[in-house]
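S.K.: In order, the protein sequences belong to chains A, B and C.
Going by the numbering used here, the first residue of the first sequence is number 5, and it counts up by one from there.
Going by the numbering used here, the first residue of the second sequence is number 2, and it counts up by one from there.
Going by the numbering used here, the first residue of the third sequence is number 35, and it counts up by one from there.
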Amino acid sequence: MTTRVFIAEDEPNILESLSFLLGREGWEVTSALDGDSALEQLNDGALPDVVILDIMLPHRNGFEILRQLRASPRTRELPVIVLTAKGQEKDRKTAEEIGANAFVTKPFSNKDVVDQVRRLAGL
Amino acid sequence: MLSPNLIFLTSLAYVALLFMVAFLGDRQARSGKASWIQSPVVYTLSISVYCTSWTFYGAVGSAVRNGLEFATIYLGPTLVFIGWWFLLRKLVRIGHMHRITSIADLISSRYGKSTSLAVLVTLIAVIGTTPYIALQLKAVTTSIQVIVASDPGNLANPPSSDPANEMAFWIAAGMALFTIIFGTRTIDANERHHGVVAAIALEALVKLFALIAVGLFVVFALADGPADIFSRDAARILQTEDMFDARWIALTFLSGIAIICLPRQFQVTVVENTGEDQLRMASWLFPLYLLLMSLFVLPIAIGGLTVLPEGSNPDMFVLTLPMSVDQDFLVLLAFLGGFSSATSMVIVASIALSTMISNHIVMPIALRTPWTSIERSGDVRRLLLISRRISIGFILLLGYLYFRLSGKSDALAAIGLIAFAGVAQFLPSLLGGIYWKRATASGAKLGLLAGFLLWGYTLFLPSFEGDLLLSASTIEHGPWGLELFRPQALFGLTGQDPLVHALFWSLATNTVLFIGGSLLFEPKPLERLQGTLFVDVFRTPAGDEHRFIQRSASAEDLFILAQRILGSNEAQRVFREFAEGQGLEGDFPQPTDAFIAHLERRLAGSIGAASARAMISRIVSGETISLDELMRIADETAQLMEYSQEVEKKSLELEATARELRRANQRLTLLDAQKDDFLSQVSHEVRTPMTSIRSFSEILLETRDLSSPQSQRFLSIIHEESLRLTRLLDEILDMNLMDRGEASWNLHELDAAVPLIRAIESCRGLAQSTGSAILLDEPLPSALVDADPDRLQQVVINILTNAIKHNTSPKPEVRVSGKLINDQYEIEISDNGPGIPSHLRPFIFEKFQRGAAQSSTGGIGLGLAISKEIMKRLGGTLALIDDRRIGTCFRITLPAKRVPPQQQEREAG
Amino acid sequence: MRPASPSTAAKFRDAAFLLPVAGFFLLLPPVIDLFTARVSLFGIPLIVAYIFGLWSALIAIAFWFSNRLHDPETHAHVPPDTSSPGR
Numbered sequence: 005m006t007t008r009v010f011i012a013e014d015e016p017n018i019l020e021s022l023s024f025l026l027g028r029e030g031w032e033v034t035s036a037l038d039g040d041s042a043l044e045q046l047n048d049g050a051l052p053d054v055v056i057l058d059i060m061l062p063h064r065n066g067f068e069i070l071r072q073l074r075a076s077p078r079t080r081e082l083p084v085i086v087l088t089a090k091g092q093e094k095d096r097k098t099a100e101e102i103g104a105n106a107f108v109t110k111p112f113s114n115k116d117v118v119d120q121v122r123r124l125a126g127l
Numbered sequence: 002m003l004s005p006n007l008i009f010l011t012s013l014a015y016v017a018l019l020f021m022v023a024f025l026g027d028r029q030a031r032s033g034k035a036s037w038i039q040s041p042v043v044y045t046l047s048i049s050v051y052c053t054s055w056t057f058y059g060a061v062g063s064a065v066r067n068g069l070e071f072a073t074i075y076l077g078p079t080l081v082f083i084g085w086w087f088l089l090r091k092l093v094r095i096g097h098m099h100r101i102t103s104i105a106d107l108i109s110s111r112y113g114k115s116t117s118l119a120v121l122v123t124l125i126a127v128i129g130t131t132p133y134i135a136l137q138l139k140a141v142t143t144s145i146q147v148i149v150a151s152d153p154g155n156l157a158n159p160p161s162s163d164p165a166n167e168m169a170f171w172i173a174a175g176m177a178l179f180t181i182i183f184g185t186r187t188i189d190a191n192e193r194h195h196g197v198v199a200a201i202a203l204e205a206l207v208k209l210f211a212l213i214a215v216g217l218f219v220v221f222a223l224a225d226g227p228a229d230i231f232s233r234d235a236a237r238i239l240q241t242e243d244m245f246d247a248r249w250i251a252l253t254f255l256s257g258i259a260i261i262c263l264p265r266q267f268q269v270t271v272v273e274n275t276g277e278d279q280l281r282m283a284s285w286l287f288p289l290y291l292l293l294m295s296l297f298v299l300p301i302a303i304g305g306l307t308v309l310p311e312g313s314n315p316d317m318f319v320l321t322l323p324m325s326v327d328q329d330f331l332v333l334l335a336f337l338g339g340f341s342s343a344t345s346m347v348i349v350a351s352i353a354l355s356t357m358i359s360n361h362i363v364m365p366i367a368l369r370t371p372w373t374s375i376e377r378s379g380d381v382r383r384l385l386l387i388s389r390r391i392s393i394g395f396i397l398l399l400g401y402l403y404f405r406l407s408g409k410s411d412a413l414a415a416i417g418l419i420a421f422a423g424v425a426q427f428l429p430s431l432l433g434g435i436y437w438k439r440a441t442a443s444g445a446k447l448g449l450l451a452g453f454l455l456w457g458y459t460l461f462l463p464s465f466e467g468d469l470l471l472s473a474s475t476i477e478h479g480p481w482g483l484e485l486f487r488p489q490a491l492f493g494l495t496g497q498d499p500l501v502h503a504l505f506w507s508l509a510t511n512t513v514l515f516i517g518g519s520l521l522f523e524p525k526p527l528e529r530l531q532g533t534l535f536v537d538v539f540r541t542p543a544g545d546e547h548r549f550i551q552r553s554a555s556a557e558d559l560f561i562l563a564q565r566i567l568g569s570n571e572a573q574r575v576f577r578e579f580a581e582g583q584g585l586e587g588d589f590p591q592p593t594d595a596f597i598a599h600l601e602r603r604l605a606g607s608i609g610a611a612s613a614r615a616m617i618s619r620i621v622s623g624e625t626i627s628l629d630e631l632m633r634i635a636d637e638t639a640q641l642m643e644y645s646q647e648v649e650k651k652s653l654e655l656e657a658t659a660r661e662l663r664r665a666n667q668r669l670t671l672l673d674a675q676k677d678d679f680l681s682q683v684s685h686e687v688r689t690p691m692t693s694i695r696s697f698s699e700i701l702l703e704t705r706d707l708s709s710p711q712s713q714r715f716l717s718i719i720h721e722e723s724l725r726l727t728r729l730l731d732e733i734l735d736m737n738l739m740d741r742g743e744a745s746w747n748l749h750e751l752d753a754a755v756p757l758i759r760a761i762e763s764c765r766g767l768a769q770s771t772g773s774a775i776l777l778d779e780p781l782p783s784a785l786v787d788a789d790p791d792r793l794q795q796v797v798i799n800i801l802t803n804a805i806k807h808n809t810s811p812k813p814e815v816r817v818s819g820k821l822i823n824d825q826y827e828i829e830i831s832d833n834g835p836g837i838p839s840h841l842r843p844f845i846f847e848k849f850q851r852g853a854a855q856s857s858t859g860g861i862g863l864g865l866a867i868s869k870e871i872m873k874r875l876g877g878t879l880a881l882i883d884d885r886r887i888g889t890c891f892r893i894t895l896p897a898k899r900v901p902p903q904q905q906e907r908e909a910g
Numbered sequence: 035m036r037p038a039s040p041s042t043a044a045k046f047r048d049a050a051f052l053l054p055v056a057g058f059f060l061l062l063p064p065v066i067d068l069f070t071a072r073v074s075l076f077g078i079p080l081i082v083a084y085i086f087g088l089w090s091a092l093i094a095i096a097f098w099f100s101n102r103l104h105d106p107e108t109h110a111h112v113p114p115d116t117s118s119p120g121r
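Quick look at the structure:
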């Protein structure tokens, strides 16, 4: 089974680089450019193996999406990597509290992202 | 028929009763149980010492001779007492505050604690009172003689004089003894004589009771009621024509003065007063007493004229009427009444006068003669006591001498009026002193002296009918035959009643010289001070005067002095009290000015203000400060007030500054928060392009087998994002400069259309690459504006760029139009893009706002914020037009003027 | 003593000033001369009745005033002297 990674990120360039990175590993990449679309895709359709979630999404705060994911039984156990330009301690804590599995700050190291995905996908 | 023995025994018994009452009163006062002595009723009764044997006997005599005139003697005091709130109250208040011991003390204290003034007042008082005492002796002796006259029917002629003289002597001696025993037991710190007051109150009741008894007897026993009495022929004494003349007015006025100025009245009303509430009741109770005493005078007078033989002595009707019908009990009662009235007057008067003599004559002399230096001799108090006792004897001796010398046929009333006129000389200085601050000692002395001399010349001496100083011929024709200076018709004022005449000249001259003297001579500082304290007694708190008197002394010296005058116990008490008040432990207070002033006042309560002052001055150094000093202090006070006002102003300023600082702090805190927000925003905005740059750089570095198009693509993204980043940093700096006012502005007049067209041109490239169209509404009006062309261009470019970048419609279009309306150049840039969500519209000009649903190639960032700021700086506006449903429309406005046609041609294109 | 309001107290003070003044004038000619007619009031000559009647009235009014006069500042009276007996 190919590992599927879902990326929710509104910056097209960042999405492109991430897609390239993960694609290179042989993983399948699906994405959404905003929060509503992301929730829709995650709630319906096949569950991915890992979610990369940008906090600063238009219309919806990434934390809020994470909460919703954790609130729904379907997506409760879904591994989520939170991606953010704000790297403060309190954001890290909030992410942890809500139930994020990993926390990556932009600009990120490509290797770091790939390693996290690999880990959370259980590979 | 009453025997002499009975009279004698009754008198003795009565005197014994008085002694007992006085003794009890004193003892209770000492043990602190004598509150009844201070009751307003007792106080009022003691004031009725005003009614002497002149009232008891002489009023009837006066009624017979002069009809209703007798009433004036009681109407005057009535008026003064019912007006107590204004005059008497002030006197009482001053008396309390300044511990006044006598009328001489009051006047002396008021005029700078002047010893000479005190001496003058004392002398006038003694000389003026002497006839009055004589009158009492005369009344009593006559009454005794009348009663024991061998022929009861022969009540017509007064008996021979020699036994009378002897009797008078012994009576005088007896009175002196009583007074010495009860008036001079101790020197009360405030000259109160509680035992005497008690005895006097009893005597007041006795004489009232006696007179009313006789009156009732006459009206209802000898006659058939009031109507019957007044129907008698003798009622003609009420000759009312010419009754109410100058003499009537003068007598009313005079008696009103007397109720205050008579030394004995001053003693009981002011000195013996212990509270204003006493005066409150006395204000109506005393007039009531007077009314009751006068009620039966007319009936008795008429009755006497009707019943008794022709030529009977009307002064004795009160006795002779009951005697004529053998009402022995009533006769005895009447006698006791008369006796009471006489003795009470003599006792109180001699106490009052002896106090004055000892305080104002003996003490000053003692202070001045070296061999009675106070430091060496023992108690000052002993000296005072002895001098008082001797004075009492002396005063009674004088009274007796006057009695011997005065005319035998003088009516009692006439003698009394001479005394009234004498003490009336105090009035100008007294009234002036308590109502006029400018009154001076010089004025008082001049007035008093002149008034006294004139009184002596026009009234007192003539009363001796040639036996003293003024010969009979002088009285008749003036000195050395100078008619103009006739004692009873001075300066041609003839035909006047002698009393009115004397009163007029003495008081008029007195007043004129008093006022003149006060105005001509400057008051000394102490006079001024006392003047203010006295006149403003209802406003100034006690003890303030020490602020104007700087003195220093040792507490020990002060204590020695206090002991000498107040006695050891009292002195200790005073000192300890004050020390406590100062918050010190132990028995000695700090000898501050306040304490010295306090002590001086206490001493004044014993020896009078002038002597107290003299004694204190001997052991303290320093004096009343001069006028210059006063002015300096006043200046200092003014400076102090100014200073404190300054301080207040400064503190208000300080408060205002503190408030400002608080506000500034709040603002800074806000700004700090804003800075934090800004920085976190900036960090975020910087990280976003950095993420792409880093990521793609890493990809390019690590991946070996990237295709060329891919590498190209990735590199161009890196490039693009670097540009984005650079732009962002530029904007940030620009914004910062503009915020701080340091941005470069190149303002000049230009045609607004020019930078607009240039901006459009520079955006054509971008528009082409995104497939958008920029449509310009021709013609574009020209107008002169004051602006920086580059900045204006920047704004237009910014908006155009946004419009192009965020336009996601299939056929993206940006429309630009311009118009000139009302001196404003308006540029509108609209597009057919998705528009800005309404909930974001208020915020689009904020820094770092996302305006579009998708922030594809970079957010709006600072662009709009900068543009708005630029427009603001140029004096124009940048606004989002809110009424579009499709797309977005921005409007730029600038103040403008129409360009003249030829310039328009030149600049366009 | 019933405390009076300041304005009432002031009115009393004014009236209290007028009382002796009025009394004085009522006892002077020409007023008093009005009553010198030889008339009797219940057997008492008019002038006698007038003088003593006026006198009584003055006393009565003084009595009425005496409890209603107060100090403007303190509404209190001077306290009795501290060095008096019974203390």
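Each residue gets a CB set at the ideal place from its N, CA and C atoms; glycine is no exception.
#1: Taking a cut of 8 Å between CB atoms, which residues from the segment 207–232 of chain B lie near chain C?
#2: Could you list which residues in chain B have their beta carbon closer than 8 Å to that of Ile18 (chain A), in chain order?
#3: Quick one: grab the DSSP three-state call for Pro153 (chain B).
#4: Any C-beta of chain B within less than 7 Å: which residues of the segment 28–42 of chain A qualify?
#5: Name the residue from B:Val81, B:Phe576, B:Ile608 and B:Gly609 whose alpha carbon lies nearest to the alpha carbon of Thr593 (chain B).
#6: Can you tell which of B:Thr658, B:Phe505 and B:Ile822 has the C-alpha that lies nearest to the C-alpha of Leu252 (chain B)?
#7: Can you tell me whether Ser856 (chain B) is helix, strand or coil according to DSSP?
#8: At a cut of 8 Å, does the segment 83–93 of chain C reach the segment 277–292 of chain B through at least three beta carbon pairs?
#9: Per DSSP, what are the beta-bridge partners of Lys820 (chain B) in this structure?
#10: Between the segment 720–746 of chain B and chain A, which residues of the former have CB atoms less than 7 Å from a CB of the latter, in chain order?
#11: For Glu750 (chain B) and Asp791 (chain B), what's the separation of their Cα atoms in angstroms?
#12: Alpha helix (DSSP H) containing Leu500 (chain B): first to last residue?
#13: If the cut is a Cβ gap below 9 Å, which residues of chain A does Glu762 (chain B) touch?
#14: Would you kindly report the start and end of the unbroken alpha helix (DSSP H) that includes Arg8 (chain A)?
#15: Within 8 Å, do at least three Cβ pairs link the segment 127–137 of chain B to the segment 387–403 of chain B?
#16: Using CA atoms only, rank isn't needed, just tell me which of B:Tyr826, B:Lys869, B:Ile830 and B:Pro590 is closest to Ile805 (chain B).
#17: For Ser607 (chain B), report the span of its alpha helix (DSSP H) as first-last.
#18: Measure the alpha-carbon distance for Lys139 (chain B) versus Leu203 (chain B) and round it to whole angstroms.
#19: Tell me whether Val621 (chain B) sits in a helix, a strand or coil according to DSSP, three-state version.
#20: Going by DSSP, what residues sit across from His749 (chain B) in a beta bridge?
#21: Which of the three DSSP states, helix, strand or coil, is assigned to Asp384 (chain B)?
#22: Verify whether the separation of the beta carbon atoms of Ala598 (chain B) and Tyr401 (chain B) is less than 8 Å.
#23: Nearest to Val272 (chain B) by CA position, among B:Ser698, B:Ala605, B:Leu398 and B:Leu680, is which residue?
#24: Using only alpha-carbon positions, find the residue among B:Ser839, B:Gln146 and B:Tyr644 that is nearest to Asn6 (chain B).
#25: Please report the distance separating the alpha-carbon of Ile11 (chain A) from that of Pro813 (chain B).
#26: Taking three-plus beta-carbon pairs below 8 Å as touching, is the segment 321–335 of chain B in contact with the segment 206–222 of chain B?
#27: Near Leu280 (chain B), what residues of its chain come up, given a Cβ to Cβ distance below 7 Å and the 5 sequence neighbours on each side ignored?
#28: Take the Cβ of Ile366 (chain B) as the centre, count every other Cβ of all protein chains shown within 10 Å, and call the residue buried at 16 or more, exposed below.
M.R.: With the given structure in hand:
#1: Cβ contacts with chain C: Gly226, Pro227, Ala228, Asp229, Phe231 and Ser232.
#2: For Ile18 (chain A), the neighbours in chain B by C-beta distance under 8 Å run, in chain order, Thr689, Thr692, Ser693 and Ser696.
#3: At Pro153 (chain B) the pLDDT is 48, less than 50, meaning the model places this residue with poor confidence; the figure from the coordinates comes in the next sentence. Three-state DSSP puts Pro153 (chain B) in coil, outside helix and strand.
#4: Answer in chain order: Leu37.
#5: Ranked by Cα distance from Thr593 (chain B), the options B:Val81, B:Phe576, B:Ile608 and B:Gly609 are led by B:Phe576.
#6: Nearest of B:Thr658, B:Phe505 and B:Ile822 to Leu252 (chain B), Cα basis: B:Phe505.
#7: In this predicted model, Ser856 (chain B) has a pLDDT of only 42, less than 50, meaning its place in the structure is not dependable; the value taken from the coordinates is given anyway. Assignment of Ser856 (chain B) by DSSP, reduced to helix, strand and coil, places it in the coil class.
#8: Touching, yes.
#9: Its beta-bridge partners are B:Glu827.
#10: Answer set for the segment 720–746 of chain B: Glu722.
#11: For Glu750 (chain B) and Asp791 (chain B), the distance between alpha carbons rounds to 13 Å.
#12: First-last of the alpha helix (DSSP H) with Leu500 (chain B): Pro499 to Leu521.
#13: Ordered by position in chain A, no residue passes the 9 Å Cβ test against Glu762 (chain B), which lies about 29 Å from the chain.
#14: Not the alpha helix (DSSP H): Arg8 (chain A) falls in the beta strand (DSSP E), residues Arg8 to Ala12.
#15: These segments touch.
#16: That would be B:Ile830, whose Cα lies nearest to the Cα of Ile805 (chain B).
#17: Where Ser607 (chain B) is concerned, the enclosing alpha helix (DSSP H) stretches over Asp594 to Ile608.
#18: Cα to Cα, the separation comes out at about 22 Å.
#19: Taken through DSSP and simplified to helix, strand or coil, Val621 (chain B) comes out as coil.
#20: B:Ala788, per the DSSP bridge assignment.
#21: Residue identity differs from the one stated: residue 384 (chain B) is Leu in this sequence, not Asp. If DSSP states are grouped into helix, strand and coil, Leu384 (chain B) belongs with the helices.
#22: Contact: no.
#23: Answer by Cα proximity: B:Ala605.
#24: Comparing alpha carbon positions, the residue from B:Ser839, B:Gln146 and B:Tyr644 closest to Asn6 (chain B) is B:Gln146.
#25: The straight-line gap from Cα to Cα measures roughly 30 Å.
#26: Yes, the segment 321–335 of chain B touches the segment 206–222 of chain B.
#27: Annotation for Leu280 (chain B): Trp85, Leu89, Arg90, Val93 and Asn274 place their beta carbon closer than 7 Å to its own, counting only its chain and skipping 5 residues before and after.
#28: The residue in question, Ile366 (chain B), is exposed, as its Cβ has fewer than 16 Cβ neighbours within 10 Å.
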